[in-house]
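Below is one structure; the comments refer to it alone.
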Amino acid sequence: MDTEKLAIDGGAKTRTQAWPTVGKRFGEEELQELREALDQNTLFYMHGGKTKAFCAKLCQTTGAKFALACSSGTASIHAALKACGVGPGDEVITTPITDAGTVVGIIYEGAIPVFADVDPASYNITVDTIAARYTSRTRAVVVVHLQGNPADIKPIVDFCRVRNLRLVEDCAQAWGAKVDGQWVGTFGDVGCFSLNDFKHIGAGDGGAIVTNDEGLYRRAWLCIDKCYDRVRSSARGLPFCAPNYRITELQSAVAIAQLGKLDRIVSRRNELGRRLVDGLGKIDGLIPSKEAPGAYPTWWFHLIGLDPAKLGANAKVLGDAMRAEGIPCGSGYVAPVYLQYEFFRTQAAFNHSTWPFSNGPVPPYGPGYCPNAERVALECLNFPLNQWLSEQEIDDTLAAAAKVTAAFRKRAGR
Ligand SMILES: Cc1ncc(COP(=O)(O)O)c(C=O)c1O
1 MDTEKLAIDG
11 GAKTRTQAWP
21 TVGKRFGEEE
31 LQELREALDQ
41 NTLFYMHGGK
51 TKAFCAKLCQ
61 TTGAKFALAC
71 SSGTASIHAA
81 LKACGVGPGD
91 EVITTPITDA
101 GTVVGIIYEG
111 AIPVFADVDP
121 ASYNITVDTI
131 AARYTSRTRA
141 VVVVHLQGNP
151 ADIKPIVDFC
161 RVRNLRLVED
171 CAQAWGAKVD
181 GQWVGTFGDV
191 GCFSLNDFKH
201 IGAGDGGAIV
211 TNDEGLYRRA
221 WLCIDKCYDR
231 VRSSARGLPF
241 CAPNYRITEL
251 QSAVAIAQLG
261 KLDRIVSRRN
271 ELGRRLVDGL
281 GKIDGLIPSK
291 EAPGAYPTWW
301 FHLIGLDPAK
311 LGANAKVLGD
321 AMRAEGIPCG
331 SGYVAPVYLQ
341 YEFFRTQAAF
351 NHSTWPFSNG
361 PVPPYGPGYC
371 PNAERVALEC
381 LNFPLNQWLS
391 EQEIDDTLAA
401 AAKVTAAFRK
411 RAGR
C-alpha cells in the first residue's frame, strides 16, 4: 500500500489553517451578575444572594437536593471526605490518573490513598479494580470521571452500598456529564465540581458540592466554613476542626452566569466528541476513549489510545508527526500521581512527620503498582477538544490521524 509522505518528512501538511483559539468565555451576563453582587454592599456568602442563587440553580440543574459552593474543587473533595467521616487510619480507594486535588483531602484527613488501576480503554477505575484494593480498612471510594467521560458508576454504587462504603464522585472534569440521563455527581453520596479557570465553566477559582443526603450537606457545610454553624446558632462550640474553604459572592456571581451557558458548552463538546470517537474507531492502531453504558460524555479533552505493536512508534513520535500535520495534540497525559508526587516516595507530606502514612500499611507506591495506569496515560495522544472547534477541525484531525497511522503501520510492516 502506498502512503502519503508525512509533513514531518517534508510532505504537505494535512492542515495549513491556524487552529481556532479559545473563544470569549465571559461577557455581559457575568458583568451583570457582578454588578448586582457589588451593589449588595457585601461579598460574604451568607449575607448576599449570589451564592444562595448559585446553589439553588445547581440543584435545579443537576437534580440534587442540596448544593454548597466553596473555594475550589480540591476543597470540595476534602470537605466531602471529612463530611463522610473519613479519618486517621482509614483507606480511601481512588484513581492514580488524576490531579493532586483528588488526593490532598484524603491525606489531610489522615487517611491513606490506595490506588485502583484504570481500565486501559476508558482511563477510569472500575468496580473490579476497586474490589481488588478493598480491605477492612477501606472507608470510602473517590471515583474521578476523567476527561468528562463518566466512569461505569452504577456497579460501583452497588459495591459501595453493600460494604457500607462512602462514595464521592470527583466531577471536576465532568460538568454536565450523565449516565442514563442522570448527572454524574448524583450517583454516590457526594458529587464534587471545580470552577477553576480551565474547566468547562469557571469563576477564576471555586468549587461545588452536591448531595441528596441532608446530614452530609449540613456536615459538609461545617467542613467548608471553619465548623461555624451559620444556620442554627451563633454559639460556636466547634465540635471538630475545619478549614476556611468559603467562596465569595463575586465568584458565585460569575458561576451563575457560567451555569447559564453550560448546556450549550457541554452539548457542543458531546457532539464533537461523538464525531471524533466514531472516526477514530475506524482507524487501525488508534483506540478512542471507551464510553460506559448509557454515558453522555462532555469531553474536557480526549485521550486517543495508541497500539504501539501496530504502529511501531510511541506517543512522542506519533504526536510529533500529528503536530507537523497541523493538529495540536499533546503526547501522553499525566503519570500516576504516586510516581509523580515526591511525597508518595518520601512519605513526607507534612514537614517533619511521616503521618498519615505511619498510621497503617503503606501501599506499594512505585513502579508496577498500577500497570495499566503507568502504561496507558503515557501511551496516548491528548486531543484538546473544546466547544470552539468546528466539524472541520475534527475532520482534519481524523484525516491527519489516518495519514500518520498508515505511514507508521507501513514502516512497522503491518
Ligand atoms: C480530576 C480533578 N480533580 C480535582 C481537581 C481540583 O480542582 P481545583 O483546581 O478547583 O482545586 C482537578 C483540577 O484540575 C481535577 O482535574
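Reminder that position 99 of the sequence shown reads as 99 in the numbering used here, one-by-one numbering, no gaps.
Glycine included, each C-beta is placed from N, C-alpha and C at the ideal position.
What separation, rounded to the nearest whole angstrom, lies between the Cα atoms of residue i and residue j?
i	j	result
D263	I201	10 Å
L81	V114	14 Å
V179	L259	20 Å
A208	L6	46 Å
R219	D229	9 Å
G101	K57	25 Å
L389	I112	41 Å
P361	S353	16 Å
G85	T62	24 Å
C171	G11	42 Å
R139	N196	28 Å
A174	Q251	20 Å
I224	Y123	30 Å
A69	V231	16 Å
E379	G368	16 Å
P328	V317	14 Å
State the DSSP-derived secondary structure class of residue i, mapped to helix, strand or coil.
i	result
H78	helix
R230	coil
W221	helix
S358	helix
Q251	helix
V114	strand
I283	coil
C84	coil
R166	strand
F14	Note on identity: in this sequence residue 14 is Thr, with Phe being the wrong assignment. Note: T14 maps to coil in three-state DSSP.
I296	Residue identity check: residue 296 is Tyr in the sequence provided, not Ile. Of the three classes helix, strand and coil, the one that applies to Y296 here is strand, per DSSP.
Q40	coil
S289	coil
E109	coil
E374	helix
M1	In this predicted model, M1 has a pLDDT of only 45, less than 50, meaning its place in the structure is not dependable; the value taken from the coordinates is given anyway. Reduced to three states, the DSSP call for M1 is coil.
A132	coil
Let's test the definition: count the other Cβ atoms within 10 Å of the Cβ of residue i and tell me whether it reaches 16, buried, or not, exposed.
i	result
S358	exposed
A415	Beyond the ends of the chain as shown, which are 1 and 414, falls residue 415; an answer cannot be given.
D158	exposed
N41	exposed
M1	Low confidence applies to M1: its pLDDT is 45, below 50, so where it sits in the model is not reliable enough to give any reading.
E342	exposed
Q392	exposed
A109	Note on identity: in this sequence residue 109 is Glu, with Ala being the wrong assignment. It counts as buried.
W221	buried
D278	exposed
P239	exposed
G181	exposed
R166	buried
W19	exposed
K410	exposed
Report whether the distance from the Cβ of residue i to the nearest heavy atom of ligand 1 is below 6 Å.
i	result
D197	no
T298	no
G101	yes
S122	no
T94	no
V144	yes
T405	no
A172	yes
S194	yes
N72	Note that residue 72 corresponds to Ser in the displayed sequence, not to Asn. True, at least one ligand heavy atom lies under 6 Å from that Cβ.
T98	yes
For residue i, verify whether its CB is less than 6 Å away from any heavy atom of ligand 3.
i	result
T248	As far as ligands go, the structure on display features ligand 1 and does not contain ligand 3.
Q. Should the region 299 to 309 be regarded as contacting the region 272 to 288, the criterion being three or more beta carbon pairs within less than 8 Å?
A. yes
Q) Does the region 358 to 373 come within contact of the region 107 to 121, defined as at least 3 CB pairs closer than 8 Å? A) yes
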